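There are 2 protein chains.
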Amino acid sequence: MVQCIRRHIKHKVTIKSKYLGLAYENYNIFVTYILFHLKRFPTIVGNIMAQKPGIPKGTRDFNAAEVAKRSYIMETIKEQFKLFGFQPIETPSFENSETLMGKYGDEGDRLIFKILNSGEFLKKVSDEDYQSKSETVLTPKISEKALRYDLTVPFARFVVQHQNDIEFPFKRYQIQPVWRADRPQKGRFREFYQCDADVVGSKSLFQEVEFVQLYDAVFSALKLDGVTIKINNRKILSGIAEVIGAQDKLIDFTVALDKLDKIGEEKVKEEMRSKGISEEGITKLHPLFTLKGDFGDQVESLKSILSSSEIGLKGIEELEFINTAISTLQLKTAKLQLDVTLARGLNYYTGAIFEVSAPEGVKMGSIGGGGRYDDLTGIFGLKDMSGVGISFGLDRIYLVLEELNLFPDTITASTKVLFINFGEKEAMACLQAVTKLRQEGIKAELYPDAAKMKKQMNHANRRDIPFVVLVGEEELNSGVFTLKNMSSGEQHKVDFQALLDMLK
Amino acid sequence: MVQCIRRHIKHKVTIKSKYLGLAYENYNIFVTYILFHLKRFPTIVGNIMAQKPGIPKGTRDFNAAEVAKRSYIMETIKEQFKLFGFQPIETPSFENSETLMGKYGDEGDRLIFKILNSGEFLKKVSDEDYQSKSETVLTPKISEKALRYDLTVPFARFVVQHQNDIEFPFKRYQIQPVWRADRPQKGRFREFYQCDADVVGSKSLFQEVEFVQLYDAVFSALKLDGVTIKINNRKILSGIAEVIGAQDKLIDFTVALDKLDKIGEEKVKEEMRSKGISEEGITKLHPLFTLKGDFGDQVESLKSILSSSEIGLKGIEELEFINTAISTLQLKTAKLQLDVTLARGLNYYTGAIFEVSAPEGVKMGSIGGGGRYDDLTGIFGLKDMSGVGISFGLDRIYLVLEELNLFPDTITASTKVLFINFGEKEAMACLQAVTKLRQEGIKAELYPDAAKMKKQMNHANRRDIPFVVLVGEEELNSGVFTLKNMSSGEQHKVDFQALLDMLK
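Heads up: the protein sequence lines correspond to chains A and B, in order. So the number in my numbering is just where the residue sits in the first sequence, counting from 1, plus 106. So the number in my numbering is just where the residue sits in the second sequence, counting from 1, plus 106.
Have a look at this one:
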């Protein structure tokens, strides 16, 4: 305890001693003084004892079961990525600030975690800048690196930087954490993984077709049947805006339309009016609100609305190509659905827009999304590099699988057999058996201490280890193992070969 | 190009306009002015065109082959970790600064990457503190989080924080990146992965025995035969210091001894003299410099040197226990070697000390290390929690496997077959076959565009795809596939079943 307090105080004093004018080397005298008088300062002691270690808000520790479940999702996704010909890349956790800043809008810039320059970071700040005491002025002087905010911008940077080594079209996948200084709330974290697959260097619509298949393949592999892959096309949204004479209000218009599910037709119209969209335009939209029937029927209605818009008809043509291909190829468990209200980061997408929703009955936002963007790498000076990609929402998929009880039991299974430790001689014999079992691929452990039998059995129980082996003096002398099934309580005396066979 | 310049200038102007007294909204006028006069400022244009995206020094991008090789090492290690009963945990990339600061010495504190607080980070700085213009004063006010520096301190924090949910002894493994603001140099990076396995909550020496086995199992699984697992014991070092009357110079003494391999006996002695170790003491050390023979012989020499030191003899006893156990259990490909000069972060370890060196002939520092520390969690207030653990040096193992050509060819194999695209109709038929192949677990791709045949064949070649399938009009009509082996040039016309069989 005293040592703990000493450490704690040392930590505080390192800084405090500067104020007090104490030489750093002399803090020991100060610490000794404090320790001597501790009884007089019960609140200090209280504080120190109460000081429990924690983690920054919005971050998480993952225990073994959680890591296993997350790995199961990631490995399942990876397997499909590879089958579809995507190759993995990894980029650094932090990028030069100039790579990230200005790519996600003002709000995004604010949410990027900046890393303080190492060492004498104030040296680069002029007196004038320092006197401004302005975060906007100071930040770029004292911080030149920032944590990755998503995987798309680093990917674009990667493609441009390594363009001479890359064979296009380039299909890459990337599964890495990203960081955002968002206000943490239920289901929203400051550190979370993104799982992205993108193709750059081809405008072929077969890519979009394959991404629909990829979503289907991944969710089928996860046994998450019945997800809906919603699809739209930015060109259709542009076409509608054109038809109703609101080209300059494309964003206002789609933001309002996007809310149809949540606030209903009337409120959407109200919002459109408030944004200055004409009554005539809104009337023209009427068929949009009542789009019915299957994909084909909806497309026909859209064609009539968009008959006068070249770009709108182009969007419909793209949609039809994808839908026809998918009808021919057939999906395993997902369904493809047209959703004209789907917008998702409109500024970004130029063609197809995707979003995946969980099976009916599961309350959860989208569990995936993506689309086509015609100028991904333009921000870094490489033009004419069309891209299309999708993303999987790992945390939400986790929650859905948990809710529907879809995680296989096998993935969290850890050690299969624990050898009870009756003392050094017996333990040594056990460790020989444990070693051989491991070489046969069986997860086996020896309890390290000759603790009380009950304690060791409890250890097996608490860790859900299904078998224990007991080797006491008797077993040692006759060269056998007593294998106990922890759930049935059954016991068998067996030789090593039989033990191996039973555990395999 | 113009748009690229516009973006570039926008970025700079956002800040510059503050100086110039321009309203942010008016920067467009300014940009237009600059664009108009661009021809007069050739150096500006030059600068902009030369601006290539890069990554921060000391960080790395990994391409597909590198990711595959790194994954191979990590998966091989993980598999053994699991066989030995270790469970995975993951901790956040950043911790509260107070969790990390003061745990790695002054040099460590300097090398920790600090994260700037979000938003108005100067608000928490008092005028007085601000006027100090001192990094030491400002840092804790403007930064409350820091990137993980290693996996050991976060693990200790994890154990203390979750002590009520953890079943002890707790065997955990953790494979995650860490960050250090070290000066980058060959083989030393600012972001790199650590692979750690530790047990806390048991003092049993069987743990040390198992870690020797674990090293052997991992390197054998990686086919890296002939590594040397060097072992020492802190208690032996303490014993020697005691015997030569240099208890108070334990660190000086071991630092000097640690250099024996590099600088030789005479220089080591010189350094000891300069640190004030007596001539008599140095004479007593003589047998240390000439320890010969196998483990047993060396232990006997040590016993004679340490006969008067209780702690020294305890260290020898521990060494002997481990060596006897390992002799009985036998290692597969590694050898265990006593190295009395081995010290490694002496302040930390209290019992066994491990270090692994690559097979003879490979020039490389240690590829792994670890040891016993009796008070891991004490820094966070949880006492009496002895731990022992080892670590694998991923980057160095990578270099060694590369040098010895030990990466299996299979791990970098990507797509097995590319279907050539002869046009929409043919491509659609191909995509149906591709879909079925993927469902059978074969990595298959369709070239997305109906590009020139030569371009598509080159794509297959450059990506080392071993087979291509050609479906032209003829094949389409007769329902067959022309399968071409890219290395032999052989071609076969086959039906789907035969295609599947040949690719499997």
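All C-beta atoms in this analysis are idealised placements derived from N, C-alpha and C, irrespective of residue type, glycine included. Only a predicted model underlies this, so the values are computations on that prediction, with no experimental measurement involved.
Check, Outcome
"Buried or exposed: where does arginine 340 of chain A fall if 16 or more other Cβ atoms within 10 Å of its Cβ makes it buried?", "buried"
"Suppose contacts are defined by Cβ-Cβ distances below 8 angstroms. Is threonine 334 of chain A in contact with lysine 420 of chain A by that definition?", "no"
"Confirm the yes/no value for this check: CB of leucine 206 of chain B, any heavy atom of the ligand COA, distance under 7 angstroms.", "By its list of ligands, the structure shown contains no ligand whatsoever, and the ligand COA lies outside what it can speak to."
"In whole angstroms, what is the alpha-carbon distance linking glycine 422 of chain A and glycine 402 of chain A?", "Position check: residue 422 of chain A holds isoleucine in this sequence, whereas glycine was assumed. Roughly 11 angstroms between the two C-alpha positions."
"Please list the terminal residues of the continuous alpha helix (DSSP H) segment that includes threonine 541 of chain B.", "530-545"
"Does DSSP put leucine 67 of chain A in a helix, a strand or coil?", "No answer is possible for residue 67 of chain A: the residues shown for chain A start at 107 and end at 610."
"Helix, strand or coil for histidine 565 of chain A per DSSP?", "helix"
"Just to confirm my understanding: we take leucine 356 of chain A, look at its own chain, exclude 5 residues before and 5 after, and list those with CB closer than 8 angstroms. What are they?", "Leu343, Ser344, Ala347, Leu452"
"Identify the continuous beta strand (DSSP E) that holds histidine 268 of chain A and give its terminal residues.", "Looking at the DSSP string, histidine 268 of chain A is not in any beta strand (DSSP E), and its letter there is neither H nor E."
"Any C-beta of chain A sitting closer than 8 angstroms to the C-beta of valine 521 of chain B?", "Inspection of the sequence shows that residue 521 of chain B is occupied by threonine rather than by valine. So, interface residue."
"Compare the beta carbon distance of leucine 222 of chain B and leucine 408 of chain A with 8 angstroms and say whether it is the shorter of the two.", "no"
"Please state whether the Cβ-Cβ distance between aspartate 501 of chain A and glycine 164 of chain A is less than 8 angstroms.", "no"
"Have a look at arginine 166 of chain A and glutamate 297 of chain A and give me their C-alpha separation to the nearest angstrom.", "8 angstroms"
"Hey, how far is the Cα of threonine 396 of chain A from the Cα of serine 463 of chain A?", "21 angstroms"
"Quick one: does glutamine 319 of chain A have its CB under 8 angstroms from some CB of chain B?", "yes"
"Can you give, in chain order, each stretch of the beta strand (DSSP E) that sits fully within the region 149-225 of chain A and has at least 3 residues?", "200-202"
"List the whole-angstrom C-beta distance separating leucine 537 of chain A from alanine 262 of chain A, where the pair is believed to meet the contact cut-off of C-beta under 8 angstroms.", "Actually they do not touch by this definition, with Cβ atoms about 53 angstroms apart."
"Give the DSSP-derived three-state secondary structure of leucine 552 of chain A in the structure shown.", "strand"
"Between the C-alpha atoms of glutamine 267 of chain A and alanine 252 of chain A, what's the straight-line distance to the nearest angstrom?", "18 angstroms"
"Please confirm if methionine 180 of chain B has its CB atom under 8 angstroms from at least one CB of chain A.", "no"
"Tell me whether the beta-carbon of lysine 390 of chain A lies closer than 8 angstroms to the beta-carbon of alanine 362 of chain A.", "no"
"May I have the straight-line CA-CA distance separating leucine 448 of chain A from phenylalanine 525 of chain A, to the nearest angstrom?", "58 angstroms"
"Any C-beta of chain B within less than 7 angstroms: which residues of the region 552-569 of chain A qualify?", "Leu552, Pro554, Asp555, His565, Arg568, Arg569"
"For the region 472-494 of chain B, which residues have a beta carbon sitting closer than 9 angstroms to at least one beta carbon of chain A?", "Asp481, Gly484, Ile485, Phe486, Gly487, Lys489"
"From which residue to which residue does the alpha helix (DSSP H) around asparagine 338 of chain A run?", "Where asparagine 338 of chain A is concerned, there is no enclosing alpha helix (DSSP H), although the beta strand (DSSP E) it sits in stretches over 334-339."
"State buried or exposed for asparagine 527 of chain A, treating a residue as buried only when at least 16 other CB atoms are found within 10 Å of its CB.", "buried"
"What is the DSSP secondary structure of arginine 254 of chain A, counted as helix, strand or coil?", "coil"
"Compute the Euclidean distance between the alpha carbons of glutamate 196 of chain B and isoleucine 281 of chain B, then round it to the nearest angstrom.", "8 angstroms"
"Expressed to the nearest angstrom, what Euclidean distance is found between the alpha-carbon atoms of glycine 467 of chain B and lysine 438 of chain B?", "20 angstroms"
"Please report how far the alpha carbon of aspartate 555 of chain B lies from the alpha carbon of isoleucine 548 of chain B, in whole angstroms.", "21 angstroms"
"Can you tell me the Cα-Cα spacing of glutamate 581 of chain B and phenylalanine 274 of chain A, whole angstroms?", "27 angstroms"
"Looking only at DSSP bridge pairs, what is arginine 478 of chain A linked to?", "A:Val494"
"Between which two residues does the beta strand (DSSP E) carrying phenylalanine 276 of chain B extend?", "276-285"
"Rounding to the nearest angstrom, what Cα-Cα distance links phenylalanine 295 of chain A and glutamate 530 of chain B in this structure?", "44 angstroms"
"Return the CA-CA distance between lysine 558 of chain A and glutamate 314 of chain B, expressed in angstroms with no decimal places.", "22 angstroms"
"Alpha carbon to alpha carbon, what distance is there between asparagine 429 of chain B and aspartate 445 of chain B?", "13 angstroms"
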